[in-house]
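One structure is given here, and the rest of the page talks about it.
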Amino acid sequence: AMLAARMKLPAWEYRDRVAALVAAHDVVLVAGETGCGKSTQVPQFVLDGDPEARIACSQPRRISAMAVAERVASERGSQLGREVGFHVRFESSFSDATRLCFATPGVLLRKLGSDPDLVAYTHFILDEVHEEDRDTEFLLVALRELVARRANHDTLPRLRLVLMSATLAADKLTEYFGGCPRISIGGSNFPVSTFFLEDVLKQTKYVTLP
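Going by my numbering, the sequence shown opens with residue 85, and the numbers climb by one from there.
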């Protein structure tokens, strides 16, 4: 049932392309609107595309980091805190077995402070980059420098960076990262019904006071 639900998302048909581009390039941008499934699916495409992957995925708010981690763990049929975990301020659920950890930008900045080369990670995913909050902006600057440093490092593997953004901000991000490859995913269309106030008043028999 979970797989069937994943396959209905617009992002699903891009799974092979995402995995291939991330394997071949240091920085990849995934642009897509709300409802396309990028937040839950792209981290899984990266995880499944590299058996050695250890991924940090930034979510702008603590509640979204926890909710997305719980959803992804459920989709993969695993217990939260094992293969998939989260780390937010004052609360966390991860272990040595965790290969995909969702966290807030503030938590990830603190990790950078204690481990400037991010040796614990092979991939870094920044979701909702277009929101441009201060911590995410700091992460973007630090990660651009770190990707270049890891690419020329003698012993550390390359750090792969995946940026996920709304379509409108994609051009600016692509330019900032030197023309990195970009994937655009369409959104889901949902049925919309139009109601007029007069009809609603009649249907509900709502009486307005004089």
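Beta carbons are placed, not taken as given, at the ideal position from N, Cα and C, and that holds for glycine.
The structure presented is a predicted model; accordingly, all values stated were derived computationally and were not measured.
query, result
"Distance, S249 Cα to S212 Cα", "Just to set this straight, residue 212 is Glu in the shown sequence, not Ser. Straight-line Cα distance between these residues: approximately 5 Å."
"Residue environment, G116, which counts as buried when at least 16 other CB atoms sit within 10 Å", "buried"
"Three CB pairs or more closer than 8 Å across the segment 160 to 175 and the segment 262 to 270", "no"
"CB of A295 within 8 Å of CB of G133, strictly", "Because the chain spans 85 through 294 in this model, residue 295 falls outside it and cannot be assessed."
"Cβ-Cβ separation, F222 to Y193 (assumed contact under 8 Å), whole Å", "It is worth fixing the name first, because residue 193 is Leu in this sequence and not Tyr. Contact flag correct, Cβ pair sits at about 6 Å."
"S158 vs M91 beta-carbon contact at 8 Å", "no"
"Cβ pair F170, A140 closer than 8 Å", "no"
"Nearest-angstrom Cα separation, counted from D100 out to C264", "18 Å"
"F274 classed as buried or exposed, judged by whether at least 16 other C-beta atoms fall within 10 angstroms", "In this predicted model, F274 has a pLDDT of only 48, less than 50, meaning its place in the structure is not dependable enough to derive any value."
"Sub-8 Å separation of P200 and D217 beta-carbons", "no"
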